[in-house]
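Residue numbers (this note's numbering): 72 to 649.
For every residue, glycine included, the Cβ atom is placed at its ideal position computed from N, Cα and C.
Please read all numbers here as calculations on a predicted model, not as lab measurements.
Here's the structure we're looking at; comments come further down.
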RNA sequence: GGCCCGUUCGUCUAGGGGUUAGGACGCCAGGUUUUCAUCCUGGUAGCACGGGUUCGAAUCCCGUACGGGCUACCA
């Protein structure tokens with residue numbers, strides 16, 4: 072298709088959720104794949120939910136991931152402005168057009184009146200049936216309406232949804248979707264404060280910005296019928312964009328994070344949260360029941376069926392547990408489960424509203440991208456590793472899945488490990504340097520590059536470099552005693568003193584030379600690799616885990632490596648003596 | 001409750017009338033490695049259920065169950 076134009080249209084209400092990032096990614100991929108345009112549009116029509124810094128966050132997050140818009144606020148483009156708050160006059164114009172053409176009407180019902188109506192009848196819907204008995208320009212006389220408008224009576228504008236029509240549209244992911252217009256309510260188009268609702272602003276902007284494809288989350292599927300009606304009423308049915316509704320990202324499967332130790336903890340947390348959120352059920356001891364359900368993991372879904380005969384407390388707790396365990400991935404899940412669900416860290420007004428991001432957790436952007444791309448889409452072959460460029464080439468909306476996918480942090484970590492292993496040493500060195508500095512260390516570029524080269528196969532996230540390899544920068548904090556008790560004797564200690572002298576005398580402290588020295592030593596005293604190398608390792612690192620010991624010693628340098636041998640072997644003596 | 005969408009190993013998924021139901025993560029075992037990790041080999045585990053259509057159904061149809069979304073002057 073020529074001139075394909077797609078947009079990512081987030082609302083600046085806080086940190087951009089990982090699901091939003093995926094929506095942005097899919098829009099970007101589709102646009103790039105077809106040589107089209109990718110637009111960033113800020114949907115800031117809700118003044119009450121506007122959050123300072125959220126727009127900046129969105130821009131930064133997309134930038135970190137390399138999902139760069141062609142048009143947008145701060146970028147420019149021929150279809151601006153790209154913030155909806157700056158387009159008020161435009162929405163007003165089209166709202167008037169809808170009123171004039173009889174597709175929309177003024178409604179003067181107050182929020183309280185509507186609330187009351189809903190309280191009386193929970194199924195209340197502002198539709199063709201009820202609009203004739205509400206206070207609006209359909210039920211009122213022309214004079215009454217004019218007077219109300221002139222007197223500044225607060226009002227909204229609603230879409231006049233036709234009765235008894237079938238609204239059909241083609242979804243790129245789901246195929247044909249049908250709604251009976253009698254089921255649809257008269258959605259508010261223009262709010263009391265003069266701002267448009269999502270529905271109005273979205274449709275108007277998509278048309279004016281000549282958007283050809285709307286790719287968005289499944290939560291919009293239900294209101295798409297309204298949008299189709301809006302396009303029709305505005306006379307834009309021919310230019311209506313194609314729709315693709317993405318499946319949701321769901322919470323991780325409880326089976327993946329619950330084990331013997333976390334289950335009681337989780338049960339207590341769930342019970343506490345339930346008590347906090349539902350004071351009406353205070354006194355109900357939920358812990359025991361939560362344990363019972365969580366322990367029998369395989370049966371969670373079946374068990375969670377809420378039966379009417381259950382006592383109210385139990386039924387309410389079951390329903391609560393179900394949504395806490397399954398359902399859409401939420402902001403709080405990150406903290407609760409100990410991994411990020413946001414691209415970047417976000418510092419909100421409170422602790423409650425602050426979250427760690429993938430970047431700060433130690434993920435590489437390409438790993439996040441790769442993981443996210445495959446959550447709800449697949450190329451149809453068995454390729455798993457994709458660069459952004461490769462994704463552009465392989466992407467096709469037809470291959471987007473219909474059902475929601477559970478977030479799986481283990482898979483994300485695996486991708487990250489793969490990308491770390493394949494990353495350039497110089498790049499990793501720069502990413503790791505801040506951690507050293509935070510711990511009061513400095514290192515040369517050459518040393519750092521050597522360090523990451525030795526450690527990168529052992530790092531899943533960036534902080535692992537420091538946490539598992541701190542001993543490259545400071546002396547071991549202690550020595551794992553088990554191997555020392557097993558292999559070290561005072562008799563051997565005397566032999567090892569000889570090895571220290573040999574190492575100290577070495578003119579060329581290269582890996583090969585160190586190795587040759589160690590081998591000569593072993594041969595002379597009838598020792599095996601297993602007798603000597605663990606001792607060298609422990610003296611250098613304090614732990615049995617780590618990279619190749621001779622290479623490690625070369626990187627540390629002769630002076631430091633030999634010093635560590637001396638200090639270490641002395642310590643070993645004390646350990647076996649005590 | 002109503003409307004809409006969905007359901008293949010624990011998870012992400014391929015497969016869309018005849019397949020030993022394939023791959024990846026995880027887990028387990030073995031190999032390589034002085035250790036850990038990487039890497040390699042193998043294993044574990046799945047078509048929600050009930051009807052139908054058909055010679056034959058994971059695949060098509062209907063129903064049920066389950067899951068999700070929407071049901072605001074929020075997006």
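#1: Going by the C-beta, is residue 511 closer than 8 Å to any heavy atom of the ligand PLP?
#2: Report the option in 556, 112, 564 whose CA atom is closest to the CA atom of residue 279.
#3: Among 345, 389, 349, which one has its Cα closest to the Cα of residue 363?
#4: Tell me the rounded alpha-carbon separation between residue 520 and residue 506.
#5: Let me check understanding here. Comparing Cα to Cα, which of 144, 189, 142, 287 lies closest to residue 468?
#6: Consult DSSP for residue 207 and reduce its assignment to one of helix, strand or coil.
#7: Rounded to whole angstroms, what's the CA-CA distance from residue 485 to residue 292? Just pull it up for me.
#8: With a Cβ-Cβ cutoff of 9 Å, do residue 429 and residue 413 count as a contact?
#9: What distance in whole Å lies between the Cβ atoms of residue 267 and residue 116, which are believed to be in contact at a cut-off of 8 Å?
#10: Please classify residue 399: does DSSP put it in a helix, a strand, or coil?
#11: State the CB to CB distance for the pair residue 441 and residue 426, rounded to an integer number of angstroms; the pair is presumed to be in contact (CB under 8 Å).
#12: Between residue 199 and the rest of its own chain, which residues show a CB-CB distance below 6 Å, the 5 nearest in sequence each way excluded?
#13: Could you please give the first and the last residue of the uninterrupted beta strand (DSSP E) stretch that includes residue 305?
#14: Have a look at the DSSP bridge pairing and note the partners of residue 512.
#15: Could you give the DSSP three-state label for residue 548: helix, strand or coil?
#16: Suppose only complete runs of 4+ residues qualify. What are the alpha helix (DSSP H) ranges in the region 455 to 483, listed by chain order?
#17: Please report the residue range of the alpha helix (DSSP H) in which residue 242 lies.
#18: Between residue 562 and residue 646, how many whole angstroms is the CB-CB distance? I'm expecting something under 8 Å.
#19: Look at residue 333 and residue 432 and say whether their C-beta atoms are less than 9 Å apart.
#20: Judging by CA-CA distance, which residue of 504, 471, 269, 527 is the nearest neighbour of residue 516?
#21: Specify whether the region 181 to 197 and the region 131 to 148 touch according to this definition: at least 3 beta carbon pairs, one from each stretch, less than 8 Å apart.
#22: Between the region 220 to 234 and the region 169 to 186, can you find at least three pairs of beta-carbon atoms closer than 8 Å?
#23: Just the C-alpha distance for residue 544 and residue 518, rounded to the nearest angstrom, thanks.
#24: Thinking just about the alpha-carbon of each residue, which of 296, 528, 261, 162 is nearest to the one in residue 31?
#25: Between 537, 243, 206, 74, which has its C-alpha nearest residue 314's C-alpha?
#26: Give the secondary structure of residue 417 by DSSP, where H, G and I count as helix, E and B as strand, and everything else as coil.
#27: Given that a residue counts as buried once 16 or more other Cβ atoms are within 10 Å of its Cβ, and exposed if not, what is residue 492?
#28: In three-state terms, what does DSSP make of residue 133?
#29: Using the beta-carbon count (16 or more within 10 Å), is residue 193 buried or exposed?
#30: State buried or exposed for residue 478, treating a residue as buried only when at least 16 other CB atoms are found within 10 Å of its CB.
#31: Output the residue ranges of the alpha helix (DSSP H) runs that lie fully inside the region 550 to 591 and measure 4 residues or longer, sorted by chain position.
#32: Figure out for me which residue from 76, 77, 618, 87 has the closest Cα to the Cα of residue 416.
#33: Return the chain-ordered list of same chain residues with a C-beta closer than 8 Å to the C-beta of residue 277, the five sequence neighbours on each side being excluded.
#34: Exposed or buried, what is residue 202 when buried is set at 16 or more other beta-carbons lying within 10 Å of its beta-carbon?
#35: Tell me which residue opens and which closes the beta strand (DSSP E) that residue 340 is part of.
#36: Considering only the beta carbon of each residue, do residue 610 and residue 623 sit closer than 9 Å?
To lay it out plainly:
#1: What this structure holds is no ligand at all, so the ligand PLP is not there to describe.
#2: Residue mapping note: residue 279 aligns to position 208 of the first chain, counting from 1. That would be 112, whose Cα lies nearest to the Cα of residue 279.
#3: As a first step, residue 363 is located in the first chain; it is residue number 292 there, counting from the start. It is 389 whose Cα lies nearest to the Cα of residue 363.
#4: Residue 520 sits at position 449 when you count from the first residue of the first chain. Residue 506 sits at position 435 when you count from the first residue of the first chain. Going from the Cα of residue 520 to the Cα of residue 506 covers about 14 Å.
#5: Reading the first chain from its first residue, position 397 is the one you call residue 468. Among 144, 189, 142, 287, the Cα nearest to that of residue 468 is on 287.
#6: Mapped onto the first chain, residue 207 falls at position 136. Reduced to three states, the DSSP call for residue 207 is strand.
#7: Here residue 485 corresponds to residue number 414 of the first chain, with the count starting at 1. Here residue 292 corresponds to residue number 221 of the first chain, with the count starting at 1. If I take the Cα positions, the gap works out to 33 Å.
#8: As a working note, residue 429 is residue 358 in the first chain. As a working note, residue 413 is residue 342 in the first chain. Yes.
#9: The residue given as residue 116 occupies position 45 in the first chain. The residue given as residue 267 occupies position 196 in the first chain. The pair is a contact, with the Cβ atoms about 6 Å apart (cut-off 8 Å).
#10: Here residue 399 refers to the residue found at position 328 when the first chain is read from its first residue. Residue state, collapsed to three classes: strand.
#11: Indexing the first chain from 1 puts residue 441 at position 370. Indexing the first chain from 1 puts residue 426 at position 355. Rounded, the Cβ-Cβ distance is 22 Å, inconsistent with contact.
#12: In the first chain, counting from the first residue as 1, residue 199 sits at position 128. Excluding sequence neighbours, residue 199 sits near 234.
#13: For this step, residue 305 is matched to residue 234 along the first chain. Careful: residue 305 lies outside any beta strand (DSSP E) and carries neither H nor E.
#14: Position 441 of the first chain, counting from 1, holds the residue named residue 512. Under DSSP, residue 512 takes part in no beta bridge, so it has no partner.
#15: Start at 1 with the first residue of the first chain, and residue 548 comes out as number 477. Residue 548 sits in coil when the DSSP states are folded into three classes, being neither helix nor strand.
#16: 459 to 465
#17: Here residue 242 corresponds to residue number 171 of the first chain, with the count starting at 1. Where residue 242 is concerned, there is no enclosing alpha helix (DSSP H), although the beta strand (DSSP E) it sits in stretches over 237 to 242.
#18: Counted from its first residue, the first chain places residue 562 at position 491. Counted from its first residue, the first chain places residue 646 at position 575. Separation of the CB atoms of residue 562 and residue 646 is rounded to 15 Å, and the pair is thereby denied contact status at 8 Å.
#19: Residue numbering aside, residue 333 sits at position 262 when the first chain is read from its first letter. Residue numbering aside, residue 432 sits at position 361 when the first chain is read from its first letter. No; because the gap between Cβ atoms is not below 9 Å, this pair is not in contact.
#20: In the first chain, counting from the first residue as 1, residue 516 sits at position 445. Closest option to residue 516, Cα to Cα, is 504.
#21: no
#22: yes
#23: As a position in the first chain, residue 544 is number 473, starting the count at 1. As a position in the first chain, residue 518 is number 447, starting the count at 1. Distance between the alpha carbons of residue 544 and residue 518 is about 10 Å.
#24: This structure gives no information on residue 31, because the portion of the chain shown stretches from 72 to 649.
#25: Taking the first residue of the first chain as 1, we reach residue 314 at position 243. Checking every option, the nearest Cα to that of residue 314 belongs to 243.
#26: Taking the first residue of the first chain as 1, we reach residue 417 at position 346. Residue 417 falls in the strand class under three-state DSSP.
#27: On the first chain, residue 492 is found 421 positions in, with the first residue counted as 1. Flag for residue 492 reads exposed.
#28: By one-based count along the first chain, residue 133 stands at place 62. In the structure shown, residue 133 sits in a helix (DSSP, three-state: H, G or I).
#29: On the first chain, residue 193 is found 122 positions in, with the first residue counted as 1. So residue 193 counts as exposed.
#30: Along the first chain, read from residue 1 onward, the residue named residue 478 stands at position 407. Buried, because 16 or more other Cβ atoms sit within 10 Å of the Cβ of residue 478.
#31: 552 to 558, 561 to 576
#32: Indexing the first chain from 1 puts residue 416 at position 345. Nearest option by C-alpha distance: 87.
#33: Stepping through the first chain from its first residue, residue 277 is reached at position 206. Only residues of its own chain outside the window of five on either side were considered, and among them 78, 285, 312 have a CB closer than 8 Å to the CB of residue 277, listed in chain order.
#34: Here residue 202 is taken as the residue at index 131 of the first chain, counted from 1. The Cβ neighbour count for residue 202, taken over all protein chains shown within 10 Å, is at least 16; the residue is labelled buried.
#35: For the purposes of this step, residue 340 is taken as the residue at position 269 of the first chain. Run containing residue 340: none in the beta strand (DSSP E); it sits in the alpha helix (DSSP H), 333 to 348.
#36: The residue given as residue 610 occupies position 539 in the first chain. The residue given as residue 623 occupies position 552 in the first chain. Not closer than 9 Å, so no.
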